[in-house]
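Taken in sequence, the protein lines are chains A and B. Position one of the first sequence corresponds to residue 1 (our numbering), numbered consecutively onward. Position one of the second sequence corresponds to residue 244 (our numbering), numbered consecutively onward. These notes are about the structure you will find just below.
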Amino acid sequence: MLEVPADLHLHSCLSPCADITMLPREMTRRLASRGIQVASLTDHNTACNVGVFQRVFQQNGVLLVPGIEATTAEEVHLLCYFETLHALWAFSRTLFASYPRIANDPERFGYQLICNERDEYVGQFPFLLSMASSLSLDELRGLAERLGGVVVPSHLDRHYGLLYQLGMVTPEMQFITYEITHRINIEKILPNLPGHPQIISNSDAHNLDSMSPPRFVLEIEELSVHEVLTALRHERGRKVRLL
Amino acid sequence: MTVQEVIGTLDAEIAVQADLTKSVTHGYTCDLLSEVIAKALPGSAWATIQTHLNVVAVASMVGISVIIVCEGRTCEPDVIERAVKEQISILYSRDSAFLVSGKLYALGLR
């Protein structure tokens, strides 16, 4: 089994709350220098920069897991990962159709920049991306899973995390894998989760300085998106391990 | 005060009718369920726009007397079913949580 350091929660200059210096070449350099071999760009409610990041990652030997951070109707943040860009597009199209169209005011909410492979800005995303979908957590999870994806609730120990928004995780809504921000919170959080879940921790970087050394490793047979998703599903002996 | 009196004051629709003679002693307004668990008092009338199934679980945990779903929002059948099972009344109001809170405050709830 390989032990692969990963960071599956990163924001680019497209997320209104992220720094405009979050560009593919510079981010790839930082990932590589921290020994991270698998990474996911998970902008809020859009996947417009994922294709560009995938190409730059690939040129530098980092595997991209197609992903997005969706905001549910309950304002719960969910990390959604897919096998292919095709499945990610299908998910993001439905998500895009489900949140209100508010023109983004960059001076108020932050710039939402689309970039190219040379770290240049080529456009702005017109609608505010920090809105909540009209689709519920159950609906978005169902959609992602029907498309072959895996859903990991974001930062349980922070605002917009499942536990903050909805107070508890009941057995009928349990997940296989959750994300926490601070490893130190694990003792506090684990007893509140039904079943025997896995925990991952990512940088959730919104600026270059918060891109951290790896916080967990994937235990997988080979470096492929399929293997990563299998580990997130905790199937066939594949799993994750916090560092 | 009873749930029945709250219904009369708010001119709200009854989505789940549990014991309408149940006593209401406090009020609370919040959509963040972790905060409701931590801060709401038993016997509260709780105004919210959350309609997730956990609303009922949290209400039952805290001992909420009545849930008021605001802004004309409605609950899915599974939520209604659970509230019937847990015997917690749910009301639908077209008003905002602010207006509902104001009306409950005017009744003397704190």
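Positions of the beta carbon are idealized from the N, C-alpha and C atoms, including for glycine.
Using CA atoms only, rank isn't needed, just tell me which of A:25, A:2, A:159 and A:212 is closest to residue 117 (chain A).
A:25
State buried or exposed for residue 103 (chain A), treating a residue as buried only when at least 16 other CB atoms are found within 10 Å of its CB.
exposed
Residues in the same chain with beta-carbon distance under 8 Å from residue 177 (chain A), minus the five sequence neighbours each way, listed in chain order, please.
150, 152, 197, 198, 199, 200, 232, 233, 234 and 240
Could you spell out where the beta strand (DSSP E) holding residue 239 (chain A) opens and where it closes?
239–242 is the extent of the beta strand (DSSP E) around residue 239 (chain A).
Proximity test, Cβ basis, 8 Å: residue 164 (chain A) and chain B:
yes
Nearest to residue 127 (chain A) by alpha carbon, out of A:37, A:45 and A:237?
A:45
May I have a chain-ordered list of the beta strand (DSSP E) segments no shorter than 3 residues that lie completely inside the segment 275–330 of chain B?
Every beta strand (DSSP E) stretch that sits fully inside the segment 275–330 of chain B and reaches 3 residues is listed by chain position as 287–291 and 309–312.
The segment 258–289 of chain B: which residues have C-beta closer than 7 Å to a C-beta of chain A, in chain order?
275, 276, 277, 279 and 280
Thinking residue 155 (chain A) and residue 17 (chain A) are a contact (beta carbons under 8 Å), I'd like their distance in whole angstroms, please.
The pair is not a contact, with the Cβ atoms about 13 Å apart (cut-off 8 Å).
Does the CB of residue 330 (chain B) have a neighbour CB from chain A at under 8 Å?
no
Considering only their Cβ atoms, is the gap separating residue 144 (chain A) from residue 96 (chain A) smaller than 8 Å?
no
Sequence-distant residues of its chain with Cβ nearer than 7 Å to residue 301 (chain B) (five each side left out)
276, 279 and 280
Contained alpha helix (DSSP H) runs [length at least 4] in the segment 65–147 of chain A, N- to C-terminal order:
Fully enclosed alpha helix (DSSP H) runs of 4 or longer: 85–96, 106–109 and 137–146.
Residue 18 (chain A) (DSSP reduced to helix, strand or coil):
coil
Rounded straight-line distance, which links the Cα of residue 316 (chain B) to that of residue 341 (chain B):
15 Å
To be precise: take each residue of the segment 297–311 of chain B, compare its Cβ to all Cβ atoms of chain A, and keep it if any distance is under 7 Å. Which residues remain?
297, 300 and 301
At the 8 Å Cβ level, is residue 168 (chain A) part of the contact set with chain B, yes or no?
The beta carbon of residue 168 (chain A) sits closer than 8 Å to some beta carbon of chain B.
Residue 64 (chain A) versus residue 37 (chain A) - alpha carbon distance:
Those two C-alpha atoms are separated by around 9 Å.
Members of the segment 54–75 of chain A near chain B, C-beta cut-off 7 Å:
Hits within the stretch, in order: 74.
Nearest neighbour of residue 292 (chain B), chosen from A:99, A:171, A:165 and A:11 [CA to CA]
A:165
Kindly indicate which residue of A:124, A:61 and A:11 has the alpha-carbon position closest to the one of residue 33 (chain A).
If we check each option's Cα against that of residue 33 (chain A), A:61 comes out closest.
Which of helix, strand or coil does DSSP assign to residue 57 (chain A)?
Three-state DSSP puts residue 57 (chain A) in a helix.
For the beta strand (DSSP E) that contains residue 258 (chain B), what are its first and last residues?
256–259
At 9 Å on the CB atoms, spell out the chain B contacts of residue 136 (chain A), in chain order.
294, 295 and 319
Return the chain-ordered ranges of every alpha helix (DSSP H) run that is complete within the segment 146–230 of chain A and spans a minimum of 4 residues.
162–166 and 186–189
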